[in-house]
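*Asks:*
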Amino acid sequence: MPRFFVAGQPENGLLTLHGENAHHAGRVLRLRSGESVTLCDGKGTDFDCTIESVEKDAVVCRVQSSHPAETEPKQRLTLFMALPKGDKMDFIVQKAVELGVREIVPYLSKNCVSRPDKTEKKVERWQKIALEAAKQCGRGYLPAVGAVIPFEQAAAQAAQSETALFFYEHEKQTGLRDALADGVGETVSLLIGPEGGFAPEEAALAVDAGLKSVSLGTRILRCETAPVAALAAVLYAGGNM
Ligand code: SAH
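Every number in this note's numbering is 1089 more than the matching position in the sequence shown, counting from 1.
Quick look at the structure:
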């Protein structure tokens, strides 16, 4: 069934698609009155609707029922990602959204090669990529991409989750599987480093902040591979696959 994100809540049992959404529904998909669509508020609620009328800039939909979106992971996942080089973050945002993260927080660490002065435009671009990915894969939440923050702040924020994982390329003792042997918390944060990896003092700071240092195995993964592998493994451990 066609699916659209809408801003706002139903009024008098109606929700209306405007702009690009209306164009896509009316012109591209050629939906007509009486047909069914699902509208999602991007905050976890789906509305099953029937189309009442189709105009150029307004597709009016009557809400038949509402229910929690069925496509969200059981855990609330946040990815803290060191700013990578070039446009790698585009790929990471897209894949992380497909895999179900609720939030992506880019941060700057000691070994980040890319240190742009102005990051607002980049964040805007990543937010757009997140929206497109969320639409494509049928998310019930529209994941947020946060502003770029310093490493210390990222570690402190990440430590607040019930399960707070620091993916460290030099971790030799604790594998991810052991770290999750007692289960996965309702909130999970995953902190991943840049191409250059973490400085030893950053690893110490993360552990002091309360994060668990874990390994993804004996091979060093690229910074764009690590979040995909880590998210897949956490989802699996959390009973989502
Ligand atoms: N240049 C570094 C590797 C950086 S890999 C070196 O050669 O040591 C980029 C990031 O991916 C790391 O900071 C870490 O967060 C994650 N990562 C890659 N491989 C990993 C592994 N085997 N275990 C845990 N984390 C890993």
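Yeah, the Cβ is synthetic: ideal placement off N, Cα and C, and Gly gets one too. Everything numeric in this text was worked out from a predicted model, so none of it was measured.
Could you check if ARG1308 belongs to the surroundings of ligand 1, using beta carbon to heavy atom distance under 8 Å?
*Replies:* Yes - ligand 1 has a heavy atom lying nearer than 8 Å to the Cβ of ARG1308.
*Asks:* Over what stretch of residues does the alpha helix (DSSP H) that includes VAL1149 continue unbroken?
*Replies:* No alpha helix (DSSP H) contains VAL1149, which is instead part of the beta strand (DSSP E) from 1147-1157.
*Asks:* Taking DSSP as the reference, what is the three-state secondary structure of VAL1237?
*Replies:* Three-state result, VAL1237: coil.
*Asks:* Find out if the Cβ-Cβ distance for the pair ASN1240, ALA1319 is shorter than 9 Å.
*Replies:* A small fix is needed here, since residue 1240 is Phe in this sequence, not Asn. In this structure, ALA1319 does not lie closer than 9 Å to PHE1240 by Cβ.
*Asks:* Would you tell me roughly how many angstroms separate the C-alpha atoms of THR1208 and VAL1237, rounded to the nearest one?
*Replies:* Cα-Cα distance, rounded: 7 Å.
*Asks:* Indicate, with yes or no, if ligand 1 has a heavy atom lying under 8 Å from the CB of VAL1303.
*Replies:* Flag set: Cβ of VAL1303 near ligand 1.
*Asks:* Let me check you understand the geometry: is the CB of TYR1196 closer than 8 Å to at least one non-hydrogen atom of ligand 1?
*Replies:* Flag unset: Cβ of TYR1196 not near ligand 1.
*Asks:* For ALA1096 versus ALA1147, is the C-beta spacing smaller than 9 Å?
*Replies:* Cβ atoms of ALA1096 and ALA1147: not closer than 9 Å.
*Asks:* Any heavy atom of ligand 1 closer than 8 Å to the beta-carbon of ILE1281?
*Replies:* True, at least one ligand heavy atom lies under 8 Å from that Cβ.
*Asks:* Just mark VAL1117 as buried or exposed, buried being the case when its beta carbon has 16 or more other beta carbons within 10 Å.
*Replies:* Per the 10 Å Cβ criterion, exposed.
*Asks:* Cβ atoms of ALA1322 and LEU1300: under 9 Å apart, would you say?
*Replies:* Cβ atoms of LEU1300 and ALA1322: not closer than 9 Å.
*Asks:* Report the partner residues of MET1170 according to the DSSP bridge assignment.
*Replies:* DSSP lists PRO1195 and ILE1281 as partners of MET1170.
*Asks:* Thinking just about the alpha-carbon of each residue, which of GLY1328, ARG1151, ARG1214 and LYS1163 is nearest to the one in LYS1177?
*Replies:* With distances taken between Cα atoms, LYS1177 lies closest to ARG1214.
*Asks:* For ALA1319, does the three-state DSSP call read helix, strand or coil?
*Replies:* DSSP places ALA1319 in helix when its eight states are reduced to three.
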